[in-house]
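**Q** One structure coming up, written as structure tokens, with questions to follow.
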Amino acid sequence: MASWRDEFELLCERCGYSIEGLAREGGCPECGHPVAASLPEARVGSAWQRGPGFGAWLATMLALARRPARTVRALRIERERSGRFAGVNIKWGAFLVALAATASLGAGWTTRSVPGLEGLAVTGPIGRGELAKLGLLYLGVWCLVAALLWGLSVVEYLGIRTFGRAHGKRITPTVAGAIVCHATAGWFGAALLVSLGHLLGAGMLRWALHHNVGLLRGPMMLSPGWLPLVGGLAGLMWFEIIVYAGVLRCKFANRERPDREPPTNAAPTGWENRLPD
Ligand SMILES: [Zn+2]
């Protein structure tokens with residue numbers, strides 16, 4: 003069974019055997035996996051980890067959708083940038099859902115046919131009171147969705163930490179953080195699909211109310227509810243796939259020991275420049 007002194011000890015990323023101090027050209031004595039493939043620098047990081055920005059966010063989302071296993075295999079084991087990636091996904095995911103809910107409920111797209119929700123719809127001309135109502139509705143939904151997504155992420159984080167302890171995998175707080183934070187891509191996907199599904203469903207509901215659609219009437223009337231549900235489940239599945247792949251590919255992940263980290267890209271100081279050659 004694999005064992006390690008601390009979270010920085012170099013382990014074979016395949017089997018967990020300690021390969022600290024072995025030549026990088028060699029292989030793991032236990033399973034033959036190349037030592038070089040287990041070095042921290044073999045983890046080049048996600049596009050977002052290499053340099054956050056909108057383009058990097060999009061590239062990371064696409065990579066996590068198309069090749070989740072390969073993307074998490076390259077994750078850098080750190081929490082700061084990963085955490086900001088999660089922040090973006092949860093904040094903007096909540097924004098999408100809140101926007102769709104405000105449009106749907108506040109503007110009365112679906113409200114008038116749902117008993118108990120009629121009061122949320124803005125009926126008269128838009129005044130200060132109506133704007134306040136829409137603002138409160140938006141804010142309420144945003145907080146609810148953000149809290150839900152954040153809470154589910156924390157539960158998953160604790161879950162894989164416990165799994166690691168129980169099964170002898172090195173799922174440290176930093177490893178679990180990097181995995182779960184990247185998995186929040188699934189939350190953004192869920193939020194996008196829930197919002198689009200609800201708006202599409204609202205359109206189908208209105209259509210069914212005014213046209214003869216035969217047997218489709220029932221499903222179409224309920225589509226503002228079940229379409230977002232299907233979208234939300236798809237996003238949840240994406241989240242879980244990334245976490246699963248992450249645990250599989252990062253169970254003995256290595257990271258640079260902080261005190262040994264070389265000062266990369268350190269700009270020469272003025273003092274150094276004044277030294278004679
Ligand atoms: Zn090995």
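So for the sequence shown, this note's numbering puts the first residue at 3; every next one is plus one.
Heads up, the beta-carbon is just placed ideally off N, CA and C, and yes, glycines get one too.
In or out: H213 buried (at least 16 other Cβ within 10 Å) or exposed?
**A** Exposed: under 16 other Cβ atoms inside 10 Å.
**Q** Please state whether DSSP places G53 in a helix, a strand or coil.
**A** coil
**Q** Let me make sure I understand the geometry here. Which of A102, F190, L235 has the alpha-carbon closest to that of G137?
**A** The candidate whose alpha carbon is nearest that of G137 is A102.
**Q** When burial is assigned at 16 or more other CB atoms within 10 Å of the CB, is E15 buried or exposed?
**A** buried
**Q** Which residue or residues does DSSP assign as beta-bridge partners of L13?
**A** Its beta-bridge partners are S20.
**Q** Please specify which runs of the alpha helix (DSSP H), each continuous and at least 4 residues long, are wholly inside the stretch 115–200, giving them in chain order.
**A** 130–169, 175–185
**Q** Should the stretch 221–237 be called in touch with the stretch 197–207, which here means at least 3 C-beta pairs below 8 Å?
**A** Inter-segment contact for the stretch 221–237 and the stretch 197–207 is present: three or more beta-carbon pairs are separated by less than 8 Å.
**Q** With DSSP as the reference, identify every bridge partner of P36, one or two as the case may be.
**A** G29
**Q** Got a sec: does ligand 1 put a non-hydrogen atom nearer than 7 Å to the Cβ of C252?
**A** Not so, every heavy atom of ligand 1 lies at least 7 Å from the Cβ.
**Q** Helix, strand or coil for P270? Go by DSSP, reduced to three states.
**A** For P270, the pLDDT reaches just 49, beneath the cut-off of 50, and the residue's location in the model is therefore unreliable, leaving the point undetermined.
**Q** Would V99 be called buried (16 or more neighbouring beta carbons within 10 Å of its own) or exposed?
**A** buried
**Q** Mark R72 as exposed unless 16 or more other C-beta atoms lie within 10 angstroms of its C-beta, in which case mark it buried.
**A** R72 is exposed by the Cβ-count criterion.
**Q** Can you tell me the Cα-Cα spacing of G55 and A210, whole angstroms?
**A** 43 Å
**Q** Taking C-alpha atoms, which residue in R208, G57, L235, R52 lies nearest to M222?
**A** In terms of CA proximity to M222, R208 leads the group R208, G57, L235, R52.
**Q** Within 10 Å of its beta-carbon, does M206 have 16 or more other beta-carbons around it, so buried, or fewer, so exposed?
**A** buried
**Q** Please work out which residues of its chain come closer than 8 Å, Cβ to Cβ, to F165, disregarding the five sequence neighbours upstream and downstream, and give them in chain order.
**A** K171, I173, V249
**Q** Is the stretch 176–187 close to the stretch 72–84, with three or more CB pairs under 8 Å?
**A** yes
**Q** Going by C-alpha distance, which of P260, T186, N256 is nearest A39?
**A** N256
**Q** Would you mind working out which of I244, L217, W189 sits nearest G237, comparing C-alpha positions?
**A** Here the closest residue by C-alpha is W189.
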